[in-house]
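> Sequences listed follow chains E and P, in order. According to numbering that gives the first Met the number 0, the stretch in the first sequence is residues 0 to 500, in order. According to numbering that gives the first Met the number 0, the stretch in the second sequence is residues 0 to 155, in order. Glycine included, every Cβ here is placed at the ideal spot set by N, Cα and C. The structure under discussion is supplied below as structure tokens; questions concerning it will follow.
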Amino acid sequence: MIEGILIGLQTALSFKNLMMVMIGCFAGTIIGMLPGLGPMTAIALMIPITYGFDPSTGLILMAGVYYGAVFGGSTSSILINAPGVPGTVATSFDGYPMAQQGKAGKALAIAAYSSFAGGTISAIFLLIAAPSLSLISLSFRSPDYFGLMILGLTAVAAFSSKGNFLKAMMMVVLGLMLASVGQDTLSDIPRFTFNNMNLSDGISFVLVVMATFAMTEALTLIFKAKDPTKAAKQISLSQLGSIKLDKTETKKMVTTIPRSSVLGFIVGVLPGAGATIASFLAYGMERNFVNDEEKQKFGKGSVNGIAAPETANNAACSGSFVPLLTLGIPGSGTTAVMLGALLGFGIQPGPRLYQTNPEIFWSVIMSMYIGMVVLLILNLPLIPYIARVLATPRTFLIPLILFFSLTGVYLMSFNNFDIYLMIGIAVVATVLRLYDFPMPPLILAFVLGGLMEENLRRSLLISDGSWTFLWDRPLTLIIMLTIIFIVGWQIYRSFFKKKHY
Amino acid sequence: MKISPSKLISLLFFVFSGYYLYTAYQIQVFAFDENAPFNAKTFPIYLGFAGLFFSALYVILPETNPTDVDLKVLDYKKTIGLVILMILYGLTILRAGYFLSTSIFLVTSYIILGERKWIWIFILSFPFVAIFMYLLHGLLNIYLRDPFLKYLGIMG
């Protein structure tokens, strides 16, 4: 392990990779700050650029963008009460009231220190957990992987659907359907290509991500431009105030950070949960932990109220890398995008990544920590300047998002068929999003589609077409029972809620 | 009978899943693979049934969390305008080349969205695309075919 850490440090600390972490954090902060554009969009926009680099450098850039986007999201939460990412919604509960009291600088500093501490603690957990889990996951077989993928998809559907599980499940199926387009991996038989050569290699992952996130985001911003509830708020950049914290405030953070880190990391590891749930749980937990006097301050600019969700969402980000790096199964939409990028580099994450590509495995983990340091040292003092991005008129912002999306896809194929396909998918996705059909389950299903079919194929061939593989092994049985519980619970909840109308 | 938009979308998805399932059954597999436990059409067939199942369930079951969208506040004009512009961009990019078509796309989209600061419109279109192209060529070695710039003798 020590050897691996040293390899990782050596790779991550090379001049080129250090630059990539800095650029990634900086670009991520700017993109994440813009309301509506989250880490998934930020990473998606970076993918075409990363294909020019070696895998370690590309991944380091994307990891930097991920952290930067989460940090940037909290900045817009605090300054204009418009969370850039769902994971920072809880931060706005106390961050925005504190900013309204003329202490925006302080709120941003609390968020930055908490993010740093949460990220650091969880990076240590990741360092310990990832190799151990890699060894355990070597005993996983095809049926277990197939079960785990269904579990991941149902869990993401359950958590991202805002109470509309069936809508999310439809998106899962749609994602898998899109993934099935193109030649069959084993027999090379064309499927759903309609004799179009452009579809024989399947639909590009970058195309689907750009269409369902970046482009849909831009189209939604125009579509809802007249919506009075979505009106952009302006901030006074001259009223940020000091970023220095006093002793009492530091003391409060010292007690909040460890417990929120542990909670955030555990939630992050769970498939489907991620930063949003971690931040809400941490906020709720913190309110229960503090004394009555402090409890009264929640929602009015409490230090604990900002520190808890900010620590947890960053810890969850590191946690979400555990299933990706050790099992090759992403637990969230963002890590699904990263899995797609890894596959694009020709790397299959999983238990063997630790042994076959130790420099990638360890350098990503190490660069996460470096990313945290960069965020704290570089981004915090630059916040008053970076925050000016929030003043970018949408009339410029939207075309530029469309420009990056179209260019990204054009650079992959150099044909206009992909551009038309992307526009088509983006239009459908915009309508679907308007009616709360969530996109993360779709993208996760799209990424996992090929792997899922492969594992189902192996399982069915080994068991000679019998479905008993689903309960033959205790591990598979436990996974399947968990899936049945999640699906059953979600459907039951739908009925139960209705009875009370 | 009034049907909610979400249910209508689910109904469309039901029809789509039906068509997908029909197409899945039409996939030609090798003769020796026809009766194998798993062949090229097995997974798509399961997916077709899953799509029918979930969409039918949504249509049949009462809505617990209906989505209310005020259609009057949506800006159809600009959205459709930009979608058409993107299609036109797709049509011109191979003929006119990346630089010209992208710059014109940006200028037109700024104008469609109501921007009238001409200096910024110019800076964030032609020079911006030129710098971006230079970064792609110079730093990342990504070649972009451009008949227009080739005609001007700027690019090989």
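For E/K15 and E/V373, I'd like the C-alpha separation in whole angstroms.
C-alpha separation (whole angstroms): 15 Å.
> Enumerated in chain order, which unbroken segments of the beta strand (DSSP E) with a length of 3 residues or greater are wholly contained in the segment 348-429 of chain E?
Whole beta strand (DSSP E) segments, 3+ residues: zero.
> Among residues of its own chain, excluding the 5 on either side of E/S203, which ones have a beta-carbon nearer than 8 Å to its beta-carbon?
Here the set comprises V408, M411, S412 and D417.
> Between the segment 30-49 of chain P and chain E, which residues of the former have a C-beta closer than 9 Å to a C-beta of the latter?
Answer in chain order: D32, A35, P36, F37, N38, A39, K40, T41, F42, P43, Y45, L46, G47 and A49.
> CA-CA distance, P/K40 and E/M371?
Taking the straight line joining both Cα atoms gives about 47 Å.
> Go ahead and pull the three-state DSSP assignment for E/G327.
It is coil, neither helix nor strand.
> In whole angstroms, what is the alpha-carbon distance linking E/P96 and P/G152?
Computed Cα separation, rounded: 58 Å.
> For E/Q582, list the residues DSSP reports as bridge partners.
The requested residue 582 of chain E is not part of the displayed model; chain E covers only 0 to 500.
> With DSSP collapsed to three states, give me the class of E/L244.
In this structure, E/L244 counts as coil in the three-state DSSP scheme.
> Ignore the nearest five residues each way along the sequence and tell me which others in E/G104's own chain have a CB closer than 7 Å to its CB.
Excluding residues within five positions, the ones whose Cβ falls inside 7 Å are L239, G240, S241 and I242.
> Quick one: what's got a C-beta closer than 8 Å to E/L185's C-beta in the same chain, skipping five residues either side?
Excluding positions up to five away in sequence, the list reads R456.
> Which residue comes first and which comes last in the alpha helix (DSSP H) that contains E/G23?
Segment F14 to M32, the alpha helix (DSSP H) holding E/G23.
> Going along chain P in order, which residues have a C-beta closer than 7 Å to the C-beta of E/L17?
None at all; the shortest Cβ gap to chain P is about 17 Å.
> If you compare alpha carbons, which of E/I376, E/M337 and E/S404 is closest to E/M58?
Just to set this straight, residue 58 of chain E is Leu in the shown sequence, not Met. Comparing Cα positions, the closest option is E/M337.
> So which residues of chain E does P/Y109 contact, with C-beta pairs closer than 8 Å?
Those within 8 Å of P/Y109 in chain E are T394, F395 and P398.
> Between E/K223 and chain P, is the shortest Cβ-Cβ distance under 8 Å, so that the two count as touching?
So, interface residue.
> Check the Cβ-Cβ distances between E/A166 and every residue of chain P, and say whether any is below 8 Å.
According to the sequence displayed, residue 166 of chain E carries Lys and not Ala. Yes, contact with chain P.
> Drop a sphere of 10 angstroms on the beta-carbon of P/K149, count the other beta-carbons inside from all chains shown, and report buried for 16 or more, exposed for fewer.
Under this definition P/K149 is an exposed residue.
> Comparing C-alpha positions only, which one of E/F193, E/T255 and E/V208 sits nearest to E/I46?
Considering only alpha carbons, the answer is E/V208.
> Of all the alpha helix (DSSP H) runs that stay within the bounds of the segment 257-305 of chain E, which reach a length of 4 or more residues?
Here the runs fully enclosed are 273-288 and 291-296.
> Using only alpha-carbon positions, find the residue among E/P392, E/A444, E/M176 and E/N312 that is nearest to E/S114.
Answer by Cα proximity: E/N312.
> Would you say P/L148 faces chain E, with C-beta separation under 8 Å as the test?
No - not a single Cβ of chain E is within 8 Å of the one on P/L148.
> With DSSP collapsed to three states, give me the class of P/F131.
Residue state, collapsed to three classes: helix.
> What's the C-alpha gap between P/G50 and E/F445?
Distance between the alpha carbons of P/G50 and E/F445: 15 Å.
> Can you give me the Cβ contacts of E/I478 inside the same chain, cut-off strictly under 7 Å, excluding the 5 residues immediately before and after it?
Excluding sequence neighbours, E/I478 sits near D143, G146, L147 and L150.
> So, is the C-beta of E/A230 closer than 8 Å to a C-beta in chain P?
Summary for E/A230: the model assigns pLDDT 48, below 50, so the residue's position carries little reliability; its value from the coordinates is reported in the next sentence. No - not a single Cβ of chain P is within 8 Å of the one on E/A230.
> Determine whether the Cβ of P/G113 lies closer than 8 Å to any Cβ atom of chain E.
True, the Cβ-Cβ gap to chain E drops below 8 Å.
> Exposed or buried, P/N38, counting other C-beta atoms within 10 Å across all chains shown (16 or more means buried)?
The residue in question, P/N38, is buried, as its Cβ has 16 or more Cβ neighbours within 10 Å.
> Have a look at E/H499 and P/S9 and give me their C-alpha separation to the nearest angstrom.
Residue placement at E/H499 is poorly supported in this model, since its pLDDT is 44, which falls under 50; the coordinates are not used for a value here.
> In angstroms with no decimal places, state the Cα-to-Cα distance between P/L56 and E/N356.
Using only the alpha carbons, I get a separation of about 45 Å.
> Report yes if the C-beta distance between E/P130 and E/Y368 is below 8 Å; otherwise report no.
Contact: no.
> Return the CA-CA distance between P/T91 and P/V128, expressed in angstroms with no decimal places.
Using only the alpha carbons, I get a separation of about 16 Å.
> Please report the straight-line C-alpha distance between P/D67 and E/D53, rounded to a whole angstrom.
Rounded to the nearest angstrom, the two C-alpha atoms are 47 Å apart.
> Secondary structure at E/F52, three-state DSSP: helix, strand or coil?
It is coil, neither helix nor strand.
> Where E/G63 and E/F395 are concerned, what is the direct C-alpha to C-alpha distance, given to the nearest angstrom?
Using only the alpha carbons, I get a separation of about 25 Å.
> I'd like the ranges of any alpha helix (DSSP H) spanning at least 4 consecutive residues and lying wholly in the segment 95-131 of chain P.
You should have 97-111 and 117-122.
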